[in-house]
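Residue numbers (our numbering), protein chains in the order written: chain Y, 43 to 278; chain D, 2 to 376. Think of the CB as a built atom: it goes at the ideal place given N, C-alpha and C, for glycine as much as any other residue. So the structure is just underneath, and the comments pick up after that.
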Ligand SMILES: Nc1ncnc2c1ncn2[C@@H]1O[C@H](COP(=O)(O)OP(=O)(O)O)[C@@H](O)[C@H]1O
Ligand SMILES: [Mg+2]
């Protein structure tokens, strides 16, 4: 299996704050890889750096073998990385359908329709609500919409930032079920979560981030069993 | 010419980004805005012809068109792009003075004065757009309200430069200097004289030219608003992070709106200048920028025809209130407050919204019945 994403020794700063201190990891084709860690560990910062919104001072980021460390953010999306940012960022004033169409802004016009169909297949809920204004959707539906919109650009790598945040347990189950399905239909996934339990249960491999460093890594199963992870993230 | 390209590029893409409802909303907005301009022009011409409208008010016809255009073009930045610009008068000034200089140069080469006017307006637009580009490039990539600060400073810088700029033509060509008179040959012409401003301007502006300016400005702004480009600009305004996440080049889209808006302001400035024989830099003070912003805010930010009405009324008002002499500005202020109460009053607003909703849902229903609804 080929490597989709290689992050090699990145250091990211917010002014004087050293948020990411030499992180390296990789994501292989067809995998679900998760980065888990407490609030403020540096998970979102890592994703922002991959998607080009922040820059690393050192190291390199490779996507499908080519460096994207200096590629502007909007071109990174076109290369095939979709980022679903934290906090359900939907276009509030547009309808569900229009949000999806916006997701295909950089996609060829003839792909739009089949992509919308694909998203409706994965998220039947969105099809039911296609004409509803996005701002009036429930939290879970907005999360689905943000994920669906990210799929509209035919990503090879989908990066999800805390999709379960603030959702009721039953919705969290649904969202994770969808993530698994998307992965089964061929999308490689980089998942960032505080909900370590759920994330580890679906991940092929996982990394633990603590204050800007990776402190543990292994298969999802291994980490779920690890004493340290259980103590710190799984409540014993 | 150059301008034309700008409209075409965003307007061509497939209608893929337009839902059925949005499309009809757009048509409604465009229809109302064009109707206001054309009817307004008709009524005022008629009133002037029949002698109902006095000379004082007739003298305001060109400024009305200019301020209406400025309100429309500022709406592109403030309403559609969601950025605060406090320097619209600065771009207007750049267009006004560069337009005047160009008009003077053209007078030796072209004899038809309407062609001189048109070319000088295009030139004013280009120079103002260039100024917009120079300011926009370093600023528009940043998050936060930097644009407001920088445009405010820009307006002041332009006015202060104009205050000390001397500009003239003699046999050796164009000459300029700062803060002292330029030694010019005898048969020279001084075009710009420091704080006195541009002098000896030939008055080429007319009400008809003004209405064409307003229509052109409206055409450009509505076209951008309704294009794929416009959808991207409004999406970024709605949620910048989401916009970035779907691969929109935020800086490019914000810059486009800003530069086009600056260019249109410059074009309006060039026409404005040629409505007078002299034009002092003081006309383009911070107060003017704020005044244009007031039109936009009073008309309802992003509501283009609202801005048109506000600009027209508030330009006519001080003139119409002349008979109240000393109480003129007081009355003006009171009217301003009343208009604001009316536009922002929740009861009035919700009544209006309900009306609009009724109409649009009726349209939607009819569309469904005739089976035209887009899946
Ligand atoms: N815009 C910012 N400015 C300054 N510091 C920030 C900013 N965003 C995040 N940080 C800091 O960087 C660190 C990592 O944050 P973040 O990546 O958001 O963590 P996580 O997503 O794991 O909760 C935290 O200490 C946070 O306070
Ligand atoms: Mg985070």
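Length of the line joining the Cα atoms of residue i and residue j
i: residue 48(Y); j: residue 64(Y); result: 13 Å
i: residue 210(D); j: residue 78(D); result: 24 Å
i: residue 246(Y); j: residue 124(Y); result: 20 Å
i: residue 115(Y); j: residue 245(D); result: 7 Å
i: residue 113(Y); j: residue 198(Y); result: 17 Å
i: residue 291(D); j: residue 314(D); result: 16 Å
i: residue 107(Y); j: residue 46(Y); result: 7 Å
i: residue 304(D); j: residue 236(Y); result: 43 Å
i: residue 140(D); j: residue 147(D); result: 7 Å
i: residue 156(Y); j: residue 141(Y); result: 15 Å
i: residue 269(Y); j: residue 258(Y); result: 11 Å
i: residue 135(Y); j: residue 177(Y); result: 6 Å
i: residue 200(Y); j: residue 193(Y); result: 8 Å
i: residue 254(D); j: residue 264(D); result: 16 Å
i: residue 222(Y); j: residue 244(Y); result: 7 Å
i: residue 174(Y); j: residue 228(D); result: 22 Å
i: residue 104(Y); j: residue 118(Y); result: 11 Å
i: residue 25(D); j: residue 224(D); result: 14 Å
i: residue 229(Y); j: residue 84(D); result: 37 Å
i: residue 22(D); j: residue 60(D); result: Caution applies to residue 22(D), whose pLDDT of 45 falls short of 50 and renders its modelled position unreliable; the model cannot decide the point.
i: residue 208(Y); j: residue 186(Y); result: 13 Å
i: residue 95(Y); j: residue 166(Y); result: 32 Å
i: residue 262(Y); j: residue 250(Y); result: 11 Å
i: residue 312(D); j: residue 126(Y); result: 42 Å
i: residue 332(D); j: residue 318(D); result: 9 Å
i: residue 66(Y); j: residue 255(Y); result: 9 Å
i: residue 227(Y); j: residue 72(Y); result: 9 Å
C-beta contact flag for residue i and residue j at 7 Å
i: residue 66(D); j: residue 212(D); result: yes
i: residue 86(D); j: residue 128(D); result: no
i: residue 93(D); j: residue 215(D); result: no
i: residue 168(Y); j: residue 138(Y); result: yes
i: residue 34(D); j: residue 219(D); result: yes
i: residue 76(Y); j: residue 241(Y); result: yes
i: residue 310(D); j: residue 81(D); result: no
i: residue 202(Y); j: residue 179(Y); result: no
i: residue 74(Y); j: residue 231(Y); result: yes
i: residue 110(Y); j: residue 84(Y); result: no
i: residue 122(D); j: residue 274(D); result: no
i: residue 188(Y); j: residue 132(Y); result: yes
For residue i, the residue or residues it bridges with in DSSP
i: residue 190(D); result: 170(D)
i: residue 260(Y); result: 248(Y)
i: residue 56(Y); result: 59(Y)
i: residue 125(Y); result: 201(Y)
i: residue 255(Y); result: 252(Y)
i: residue 10(Y); result: For residue 10(Y) there is no data in the structure shown, the boundaries of chain Y being 43 and 278.
i: residue 45(Y); result: 70(Y)
Where residue i sits in the DSSP three-state scheme
i: residue 201(D); result: coil
i: residue 67(Y); result: strand
i: residue 287(Y); result: Nothing in the structure corresponds to residue 287(Y), since chain Y is present only between 43 and 278.
i: residue 152(Y); result: helix
i: residue 176(D); result: strand
i: residue 61(Y); result: strand
i: residue 235(Y); result: strand
i: residue 132(Y); result: coil
i: residue 68(D); result: helix
i: residue 228(D); result: coil
i: residue 247(D); result: coil
i: residue 51(Y); result: strand
i: residue 22(D); result: Any reading at residue 22(D) must be qualified, since the residue scores a pLDDT of 45, below 50, and its modelled position is unreliable; the value itself is stated next. If DSSP states are grouped into helix, strand and coil, residue 22(D) belongs with the helices.
i: residue 109(Y); result: strand
i: residue 277(D); result: coil
i: residue 235(D); result: helix
i: residue 199(Y); result: strand
i: residue 81(D); result: helix
i: residue 325(D); result: helix
i: residue 302(D); result: coil
i: residue 283(Y); result: Residue numbering for chain Y in the displayed model covers 43 to 278; residue 283(Y) lies beyond these limits and cannot be assessed.
i: residue 229(Y); result: coil
i: residue 77(Y); result: strand
Check: residue i C-beta below 6 Å from any heavy atom of ligand 4
i: residue 256(Y); result: Absence of ligand 4 is noted for the structure shown, with ligand 1 and ligand 2 being the only ligands found.
Which ranges would you report for the alpha helix (DSSP H) in the segment 83-115 of chain D if only whole runs of at least 4 residues count? 89-108
Which residues of the segment 79-102 of chain Y have a Cβ closer than 8 Å to any Cβ of chain C? Give them in chain order. The structure shown has no chain C; the protein chains it does contain are Y and D.
Start-end ranges of the alpha helix (DSSP H) lying completely within the segment 20-63 of chain D, minimum 4 residues: 21-50 and 56-59
Can you give, in chain order, each stretch of the alpha helix (DSSP H) that sits fully within the segment 115-166 of chain D and has at least 4 residues? 147-165
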